[in-house]
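This report refers to the structure that appears directly beneath it.
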Ligand SMILES: Nc1ncnc2c1ncn2[C@@H]1O[C@H](COP(=O)(O)OP(=O)(O)O)[C@@H](O)[C@H]1O
Ligand SMILES: [Mg+2]
């Protein structure tokens, strides 16, 4: 019960709910993939955990503690969260090294240095390019950097918003390998929004499909992989199943 | 001619202060303040009203600065509930509200007729040396504001502001208090605008609601865009250029034989054309922001 979202209604503008009664449970140390067509509220779901959108109903708990009252900038440390937003998630004019350091802004200087060195050792590709501007990196390297930066504070939960978007097939493969490896090494829980359904589910324990602000399907990754509705759904088809009829809570 | 240029320079320096203030907000922090003139008005009216009641000028000026800092912080806090676009509209609305208050509370502000005979500085000097002294004063205050602005944007805090501007959600996820940073920037920059308002009121010895029209904000925006959003030095150059342009076009009606009631509109058109031209052909402004230099320092 690492991250629990209980029946939340959330959105950006008062009176326009984007999430309409969403409930999601992400078990400790699991990887959960969120699928769904564009605009279905996947990013908003991650933002509701981080505190970037207003929650009007329901609650979000991390490790059993309610986070809703904690201001966004305190949540990362207070609830051990790491966040990688969709697109533009590195600071182009800054070097790889500086991007990592920014991730440790709230650490002590010595901790920040040590952790930066440690992550650069773990990702030799980044180390080679540590003095290069982040906007000179390839797409795959950028995502690696963004994820490494989120790891600076050693979060126990990692929220990733479409990390494989726009990557080459080889880079996509590498990215999912990286996620599986991070889970083992860092002992984290990962909630990842993805469009590459098959590859993401392959490294996940569970998956869910969102459609127009509701959870339409929720189940074991292998079950979802076999479910033909999944491919229809996340490509934008309308489900004939009523929301959340699949093996919920499996 | 020299008198004219001196006058332009004094007003340009005062507008330069406004441009520095707006640049801290819009350039460094991404706060789209369309109500800058409201803070100018707080300083101007604090000076006008205080001196009208016989208070010494430093008191009026100080009241303006304190009120503007408080108002700035309060407006910055609106960012907690309002998204950036709505915040921008709110600033415009608040400044208009202030103008309407100035227009309609006759007992306090003398309503539409405004407050005149505000004591000026350097009244012992002749007209030309007076303007020269004014230019020195305005330039000094401008330099001071520039220095403060460099301190704010150059330090560690400046990097946080850029994160807040480029990627507010990401900045928050990295542990930075986004709203807190905006509040601080507003509390530092709004008093600069008030200082400009106070100086301007002393310089022309008058403040009226007409000076709080949204056009003044638009003029400062043009200066900032022409100079280069995000670069304090460029923004001062932008203020000088746009102010000169704006004042030179004062003579449009003489040169081209245009009825003077149309000339006012034409001047605004010229400023608008400058704004559009820069947005279109050189959106970085004359002196674009040097992200690398400011950001890379750790
Ligand atoms: N900052 C925002 N302000 C207002 N509405 C937004 C904002 N971001 C997203 N939305 C709206 O919320 C809905 C869901 O968006 P999002 O969560 O980004 O979808 P997804 O990530 O599934 O593509 C969309 O209709 C989108 O228009
Ligand atoms: Mg999204």
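Protein chains in written order, with this note's numbering: chain A, 1430 to 1679; chain B, 15 to 312.
Ideal Cβ placement from N, Cα and C applies to all residues, glycine included.
Fair warning: this is a prediction, and the values are worked out from it, not measured in the lab.
Residues bridged to residue i (per DSSP)
i                       : result
residue 1512 of chain A : A:1588
residue 1646 of chain A : A:1638
residue 1448 of chain A : A:1439
residue 1490 of chain A : A:1433, A:1495
residue 1461 of chain A : A:1620, A:1635
residue 1454 of chain A : A:1433
residue 130 of chain B  : B:220
residue 94 of chain B   : According to DSSP, which records beta bridges pairwise, residue 94 of chain B is partnered with nothing at all.
residue 1483 of chain A : A:1440
residue 1524 of chain A : A:1562
Counted within 10 angstroms of its Cβ, other Cβ atoms place residue i as buried (16 or more) or exposed
i                       : result
residue 77 of chain B   : buried
residue 161 of chain B  : exposed
residue 1439 of chain A : buried
residue 16 of chain B   : exposed
residue 1547 of chain A : exposed
residue 1529 of chain A : buried
residue 1590 of chain A : buried
residue 1418 of chain A : Chain A is shown from 1430 up to 1679; residue 1418 of chain A falls before or after that span and cannot be answered.
residue 54 of chain B   : buried
residue 174 of chain B  : buried
residue 1527 of chain A : buried
residue 1512 of chain A : buried
residue 18 of chain B   : exposed
residue 1431 of chain A : buried
residue 270 of chain B  : exposed
residue 143 of chain B  : exposed
residue 1517 of chain A : exposed
residue 1550 of chain A : exposed
Three-state secondary structure (DSSP) of residue i
i                       : result
residue 1436 of chain A : strand
residue 272 of chain B  : coil
residue 1679 of chain A : Note on residue 1679 of chain A: pLDDT 34, under 50, position unreliable in the model; no value is reported.
residue 311 of chain B  : Note that residue 311 of chain B scores 36 on pLDDT, short of 50, meaning its location in the model is unreliable; the coordinates nonetheless yield the value given after this. In the structure shown, residue 311 of chain B sits in coil (DSSP, three-state: anything other than H, G, I, E or B).
residue 48 of chain B   : coil
residue 220 of chain B  : strand
residue 1469 of chain A : coil
residue 1535 of chain A : coil
residue 75 of chain B   : helix
residue 165 of chain B  : helix
residue 67 of chain B   : coil
residue 1582 of chain A : coil
residue 26 of chain B   : helix
residue 1552 of chain A : coil
residue 1625 of chain A : coil
residue 1529 of chain A : helix
residue 200 of chain B  : helix
residue 1477 of chain A : helix
residue 267 of chain B  : helix
residue 171 of chain B  : helix
residue 135 of chain B  : coil
residue 1652 of chain A : helix
Closer than 7 Å: residue i CB and nearest ligand 4 heavy atom
i                       : result
residue 1590 of chain A : Ligands displayed in this structure: ligand 1 and ligand 2; ligand 4 is not among them.
Taking 5 Å as the limit, name every residue whose beta carbon sits nearer than that to some heavy atom of ligand 1, in sequence order.
A:1441, A:1447, A:1467, A:1468, A:1469, A:1470, A:1471, A:1472, A:1473
Determine contact between the stretch 84 to 104 of chain B and the stretch 183 to 200 of chain B, defined as no fewer than three beta-carbon pairs at a distance below 8 Å.
yes
Three-pair Cβ contact test at 8 Å for the stretch 1502 to 1511 of chain A versus the stretch 1477 to 1484 of chain A:
yes
Three CB pairs or more closer than 8 Å across the stretch 31 to 44 of chain B and the stretch 204 to 214 of chain B
yes
Does the count of Cβ pairs from the stretch 1600 to 1613 of chain A and the stretch 1624 to 1632 of chain A closer than 8 Å reach three?
yes
contact_flag[the stretch 255 to 275 of chain B, the stretch 224 to 241 of chain B] where n(CB pairs < 8 Å) is 3 or more
yes
Is the stretch 1490 to 1497 of chain A in contact with the stretch 1554 to 1562 of chain A, if contact means three or more CB pairs nearer than 8 Å?
Output reads no: the stretch 1554 to 1562 of chain A does not touch the stretch 1490 to 1497 of chain A.
Contact between the stretch 128 to 141 of chain B and the stretch 184 to 195 of chain B is defined here as three or more beta-carbon pairs at a separation below 8 Å; is this criterion met?
no
Looking at C-beta atoms only, is the number of pairs between the stretch 167 to 185 of chain B and the stretch 16 to 30 of chain B that lie closer than 8 Å three or more?
These segments do not touch.
The stretch 1588 to 1599 of chain A / the stretch 1446 to 1455 of chain A touching (three or more Cβ pairs under 8 Å)
Because the criterion of three Cβ pairs below 8 Å is not met, the stretch 1588 to 1599 of chain A and the stretch 1446 to 1455 of chain A do not touch.
With three or more beta-carbon pairs closer than 8 Å as the criterion, would you say the stretch 104 to 116 of chain B touches the stretch 35 to 49 of chain B?
yes
Spell out a yes or no on whether the stretch 213 to 227 of chain B and the stretch 238 to 247 of chain B are touching, meaning 3 or more CB-CB pairs, one atom from each, closer than 8 Å.
no
Count Cβ pairs between the stretch 120 to 130 of chain B and the stretch 56 to 65 of chain B that sit closer than 8 Å; are there 3 or more?
yes
Segment contact flag, the stretch 1456 to 1463 of chain A with the stretch 1608 to 1628 of chain A, C-beta cutoff 8 Å, min 3 pairs:
yes
Decide if the stretch 1649 to 1658 of chain A is in contact with the stretch 108 to 122 of chain B; the criterion is three or more beta carbon pairs, one per stretch, under 8 Å apart.
By the Cβ test, the stretch 1649 to 1658 of chain A is not in contact with the stretch 108 to 122 of chain B, since fewer than three Cβ pairs between them sit closer than 8 Å.
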